[in-house]
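Those protein sequence lines, which keep their order, are chains A and B.
At position 95 of the first sequence (counting the first as 1) the number is 95 in the numbering used here, and the numbers step up by one without a gap.
At position 146 of the second sequence (counting the first as 1) the number is 1146 in the numbering used here, and the numbers step up by one without a gap.
Every residue gets a Cβ at the ideal spot worked out from N, C-alpha and C, and that includes glycine.
Structure record follows, encoded as structure tokens.
2 protein chains.
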Amino acid sequence: MSDAYYLHLTDRLRDLIQDPEAFEDDRLPSERVLAERFHTTRVTLRQALAQLEGEGRIHRSNRRGWFVSPPRLDYDPTRDAGFNDYVKAQGRRPRTEVLLTDIRPHRPAAEALGLPLDQPFHHIRRRRFVDDRAVLSESLWVVPERAPQLLEGDFTHSLWGQLRGRWGLTLAHRSLRLYSEAIREQEAEELGVAAGTAGLCVRRTILDEQRRPVEYDEEHWLHNALCIAVELENSV
Amino acid sequence: MSDAYYLHLTDRLRDLIQDPEAFEDDRLPSERVLAERFHTTRVTLRQALAQLEGEGRIHRSNRRGWFVSPPRLDYDPTRDAGFNDYVKAQGRRPRTEVLLTDIRPHRPAAEALGLPLDQPFHHIRRRRFVDDRAVLSESLWVVPERAPQLLEGDFTHSLWGQLRGRWGLTLAHRSLRLYSEAIREQEAEELGVAAGTAGLCVRRTILDEQRRPVEYDEEHWLHNALCIAVELENSV
DNA sequence: TAGTGGTCTAGACCACTCT
DNA sequence: GAGTGGTCTAGACCACTAC
């Protein structure tokens, strides 16, 4: 159908990328070098790079350059395997940074959990890395009554694990919403990418066995960093 | 942080779009007209449009123009509500076109279902519309032993419903994989968009109660057409 | 300070859609 | 045939990173 030169370029770059020995550090040569090598302009070359970025094969770190993307991480948002656990289980290196903890109301959380809009929450914001690449920025809002003294804990590990272990909560009713998005300024900065980069947003609302509101969270992932994988038994 | 002109343009266009009376047909003025109106070039203007496209606010129909995108469709891939049903339930108008039915082996289906690579499947390919916009291209591969004479049926309606109703199958074990992608040539053509457009791919593998392979399918959605919404009870 | 990607200009021609 | 988006050229300057 289309024989645009940038699509041809895309194919050739894709081949290049698939050779694991092609570049050091998984870093691509600069746009100017590539443009010259392929006898075209930076604009056209960048169209090809953008295409590969959409395919999830390469990504950029703001103004540092283009890099070959590692395989996607498998992630099951319906389970609480704990980020550190499932990243390690896939042979990757996890890291978590807690950016902020405080207590404050949050309208979307209140709405999702069916609480008054001025309801204060325990709020935790963190950034998570796979092999030293920041791939996820997330915020969690926990109903204080369900987990008093929560904020005195350590949040570099699984929150759900703590809710179960320290407060005996069962996270019985889970509602998930998941959609593609353009990453906003704040999250983009935290992830070291340009605002508007393609992302995947996962929002969860959790109630316990008595349908009491427990937690609401929002995850912003780099779109090419993950593959959502869910296993379900019975009940259609 | 950034005060690029195209981001300012993005803001102004976003405002314009949010006025439901701004354009007829939800169609934006042409790129040349907009570029002139905002005293810039088409290149810069297109950056702003691409931004809004990433946000899911507008979309293009190949060479026809830019359009304001309708709200996303809520979709639960773990259930078989039937496309027609859940689209109607959200006040939208569904339509399904069957593009192809045949019998043939398919390697990804065979691998996912744990069958020999030369295993033939009943194959159905269809395209689905919401309010006359093609939003989904999908292929389904069904194990013939589970549903003989399947291909004599009508596929403009729910396949899972038929598997349950006509063959008494329970779709007990469902494995889902879900990731962002760039839409490939064939699907792009079927959806009337440019190859490389952002998409969301949903792949499902279904076994029955005795863990016998039943079905494998692949859905390619326009990324801004849907919001995955899943409700889960118990068992973490 | 050199090099990178990010942004932008002012054009051009082409393939396709619409009527 | 007129108008649309799709592709492309050949430059330029800027903000930021890495050294």
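Check, Outcome
"Neighbour flag for A:Ala-251 against chain B, beta carbons, 8 Å", "Chain A is shown only over 1 to 236; residue 251 of chain A falls outside these bounds and no answer can be derived."
"Euclidean distance between Cα positions of B:Thr-1101 and B:Tyr-1179", "26 Å"
"Nearest-angstrom Cβ-Cβ length linking B:Asn-1084 and B:Val-1193, presumed shorter than 8 Å", "Actually they do not touch by this definition, with Cβ atoms about 23 Å apart."
"Rounded straight-line distance, which links the Cα of A:Val-135 to that of A:Pro-29", "23 Å"
"Cβ-Cβ separation, B:Leu-1163 to B:Val-1214 (assumed contact under 8 Å), whole Å", "7 Å"
"Assigned exposure category for A:Arg-174 - 16 Cβ within 10 Å defines buried", "buried"
"Burial state of A:Ile-58 (16 or more Cβ within 10 Å)", "buried"
"Contacts that A:Asn-224 makes with chain B (C-beta to C-beta distance below 9 Å)", "Tyr-1179, Ser-1180"
"CB of A:Phe-67 within 8 Å of CB of A:Asp-26, strictly", "yes"
"For A:Gln-210 and A:Val-172, the rounded distance between their alpha carbons", "The question names Val, yet the displayed sequence has Ala at residue 172 of chain A. Whole-angstrom Cα-Cα distance: 8 Å."
"Backbone secondary structure at B:Glu-1185 - three-state DSSP", "helix"
"Segments assigned beta strand (DSSP E), at least 3 residues, entirely inside the region 1135 to 1163 of chain B", "none"
"Closer than 7 Å at the beta carbon, the chain A residues around B:Gly-1065", "Result: empty, since nearest Cβ-Cβ is about 19 Å, beyond 7 Å."
"Closer than 8 Å to chain B by CB, A:Gly-196", "yes"
"C-alpha distance - B:Thr-1078 paired with B:Arg-1177, whole-angstrom precision", "11 Å"
"Endpoints, the alpha helix (DSSP H) within which B:Leu-1100 is located", "Not the alpha helix (DSSP H): B:Leu-1100 falls in the beta strand (DSSP E), residues 1094 to 1105."
"Contacts of B:Leu-1176 in chain A (Cβ-Cβ under 9 Å)", "Ile-228, Ala-229, Val-230, Glu-231, Leu-232"
"Start and end residues, alpha helix (DSSP H) containing B:Glu-1053", "1042 to 1054"
"N-terminal and C-terminal residue of the alpha helix (DSSP H) that A:Phe-275 is part of", "Lying before the first or after the last residue shown, residue 275 of chain A is absent from chain A, which here runs from 1 to 236."
"Chain-ordered residues of the region 1014 to 1048 of chain B with a beta carbon less than 7 Å from chain A", "none"
"Pairwise C-alpha distance: B:Ala-1112 and A:Phe-23", "33 Å"
"Rounded distance between the beta-carbons of A:His-122 and A:Leu-151, thought under 8 Å", "5 Å"
"Contact set between A:Glu-219 and chain B, taken where Cβ atoms lie within less than 8 Å", "The premise fails here: A:Glu-219 is roughly 13 Å from chain B at the closest Cβ pair, so nothing lies under 8 Å."
"8 Å contact criterion, which B:Glu-1181 and A:Glu-53 should meet: CB distance rounded", "Contact flag wrong, Cβ pair sits at about 12 Å."
"Beta-carbon proximity of A:Leu-245 to A:Glu-36, cut-off 8 Å", "The shown model of chain A, from 1 to 236, leaves out residue 245 of chain A, and the question about it has no answer."
"Cβ of A:Glu-55 within 8 Å of any chain B Cβ", "yes"
"Simplified DSSP state of A:Arg-203, which is helix, strand or coil", "strand"
"Close-in-space but distant-in-sequence residues of the same chain around B:Arg-1072 (CB under 8 Å, 5 per side omitted)", "Gly-1056, Asn-1224, Ala-1225, Leu-1226, Cys-1227"
"Contacts that A:Leu-200 makes with chain B (C-beta to C-beta distance below 7 Å)", "Ser-1180"
"B:Arg-1060 versus A:Ile-124: straight-line alpha-carbon distance, rounded", "38 Å"
"Classification of A:Arg-32 by the beta-carbon crowding that lies within 10 angstroms, buried from 16 upward", "exposed"
"DSSP three-state assignment for A:Val-33, whether helix, strand or coil", "helix"
"Which of helix, strand or coil DSSP assigns to B:Ala-1109", "helix"
"Which of helix, strand or coil DSSP assigns to A:Val-236", "Note that A:Val-236 has pLDDT 47, beneath the 50 cutoff, so the model's placement of it is unreliable and no number is given."
"Straight-line gap, A:His-220 to B:Gln-1149 (C-alpha atoms, nearest Å)", "45 Å"
"Cross-strand partners of B:Glu-1231 (DSSP beta bridge)", "A:Ser-175"
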